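Peer 1: The sequence shown begins at 4 in our numbering and counts up by one.
All C-beta atoms, glycine included, are put in the ideal place defined by N, C-alpha and C.
Computed from a predicted structure; not experimentally measured.
Before I ask anything, let me first share the structure, which is written out below as structure tokens.
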Amino acid sequence: MSDQNNRAEFIYAQTINSMDQRPVSDSGIEGRSPLKHADLDTQATAHQGELGTVQLTELELLGHIVLRGKLSNPGFTQGVERALGLALPETLKMVEKEQISIRWISPDEWLVVVPGERSYEIEQALVNEVQGHCAIVNVSGGQTILRLSGSDVQKLLQKSVPLDVHPRSFPIGKVVTTVFAKTQAVLSRTGEQQWELVIRRSFADYVWLWLQDSCAEFKLVIKQNK
Numbered sequence: 004m005s006d007q008n009n010r011a012e013f014i015y016a017q018t019i020n021s022m023d024q025r026p027v028s029d030s031g032i033e034g035r036s037p038l039k040h041a042d043l044d045t046q047a048t049a050h051q052g053e054l055g056t057v058q059l060t061e062l063e064l065l066g067h068i069v070l071r072g073k074l075s076n077p078g079f080t081q082g083v084e085r086a087l088g089l090a091l092p093e094t095l096k097m098v099e100k101e102q103i104s105i106r107w108i109s110p111d112e113w114l115v116v117v118p119g120e121r122s123y124e125i126e127q128a129l130v131n132e133v134q135g136h137c138a139i140v141n142v143s144g145g146q147t148i149l150r151l152s153g154s155d156v157q158k159l160l161q162k163s164v165p166l167d168v169h170p171r172s173f174p175i176g177k178v179v180t181t182v183f184a185k186t187q188a189v190l191s192r193t194g195e196q197q198w199e200l201v202i203r204r205s206f207a208d209y210v211w212l213w214l215q216d217s218c219a220e221f222k223l224v225i226k227q228n229k
């Protein structure tokens with residue numbers, strides 16, 4: 004029985020199932036953001052030149068890769084750094100370099116966000132470099148990122164999340180997984196008046212409707228992702 008268990012563990016450890024989720028260029032299939040139906044590009048064109056006290060930009064079709072592993076395993080931590088050129092961030096922090104960011108999610112989980120066209124390449128780099136017990140899961144199709152900026156964003160967040168979002172408690176670079184309205188989001192502060200929400204695809208429309216309603220007292224302007 005012991006030999007059978009050892010053999011099963013070995014086979015499992017060597018089995019990796021991965022595929023490029025993005026449609027090939029000549030397939031005629033277009034990737035669609037979770038908010039495609041909201042036609043944010045048209046709204047952004049209509050708002051061109053307007054500042055707004057809350058500005059919303061969808062960072063659509065990026066690559067999202069979930070990493071799970073132990074910090075006590077150097078094969079994991081060093082492998083991640085070799086593959087990404089970034090060390091894993093400290094608790095409740097994010098790090099970013101050359102369009103690649105890593106967000107802390109929990110003591111053994113991180114979210115890597117990369118350019119969409121490089122998601123499979125970077126996923127494979129992680130698979131090849133990371134050693135030991137870990138999980139590397141491409142969840143690009145299941146999430147999107149909303150960037151919120153402007154002078155009234157803090158007020159908007161104060162009625163959307165049960166957190167203290169004052170700069171003294173939530174400085175630039177901090178990341179928290181939290182309740183947003185009646186769903187869940189990964190909230191990070193990326194600038195003095197700039198925040199990013201990582202949300203699930205299935206709740207994207209709900210968050211979009213919530214933001215429109217919550218911004219009734221502010222001036223919400225849609226901006227294109229440049």
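#1: In angstroms, rounded to a whole number, what distance separates the CA positions of serine 109 and methionine 97?
#2: Take glutamine 2 as the anchor and find which of Ser217, Leu149, Asn76, Thr186 has the nearest alpha-carbon.
#3: Residues in its own chain within less than 6 Å of glutamine 215 by CB, not counting five upstream and five downstream?
#4: With a cut-off of 8 Å, do at least 3 Cβ pairs link the region 68–79 to the region 123–139?
#5: Let's test the definition: count the other Cβ atoms within 10 Å of the Cβ of isoleucine 226 and tell me whether it reaches 16, buried, or not, exposed.
#6: Using the rule of at least 16 other Cβ atoms within 10 Å of the residue's Cβ for burial, across every protein chain shown, is proline 51 buried or exposed?
#7: Let me know if alanine 219 comes out buried or exposed under the rule of 16 or more other beta-carbons within 10 Å of its beta-carbon.
#8: Keeping to the same chain, check which residues put their C-beta closer than 7 Å to that of phenylalanine 206; ignore five residues upstream and five downstream.
#9: Since leucine 200 and valine 57 should fall inside the 8 Å C-beta cutoff, what is the C-beta to C-beta distance between them, to a whole number of angstroms?
#10: Could you spell out the range, first to last residue, of the beta strand (DSSP E) harbouring lysine 100?
#11: Within 10 Å of its beta-carbon, does proline 37 have 16 or more other beta-carbons around it, so buried, or fewer, so exposed?
#12: Determine the direct distance from the alpha carbon of threonine 94 to that of leucine 64, and round the result to whole angstroms.
#13: Alpha carbons only, please: which of Gly55, Glu53, Thr48, Leu129 is nearest the one belonging to leucine 89?
#14: Within the continuous alpha helix (DSSP H) that includes asparagine 131, where are the two ends?
#15: For a test of the three-state rule: what should DSSP assign to valine 164, helix, strand or coil?
Peer 2: Looking at the atomic coordinates:
#1: 12 Å
#2: In the structure as shown, the chain begins at 4 and stops at 229. Residue 2 is therefore absent and cannot be evaluated.
#3: none
#4: yes
#5: The question names isoleucine, yet the displayed sequence has lysine at residue 226. Buried, because 16 or more other Cβ atoms sit within 10 Å of the Cβ of lysine 226.
#6: Residue identity check: residue 51 is glutamine in the sequence provided, not proline. Exposed: under 16 other Cβ atoms inside 10 Å.
#7: exposed
#8: Thr186
#9: That belief does not hold up - the Cβ atoms of leucine 200 and valine 57 are roughly 13 Å apart, past 8 Å.
#10: 97–100
#11: buried
#12: 27 Å
#13: Leu129
#14: 122–132
#15: coil
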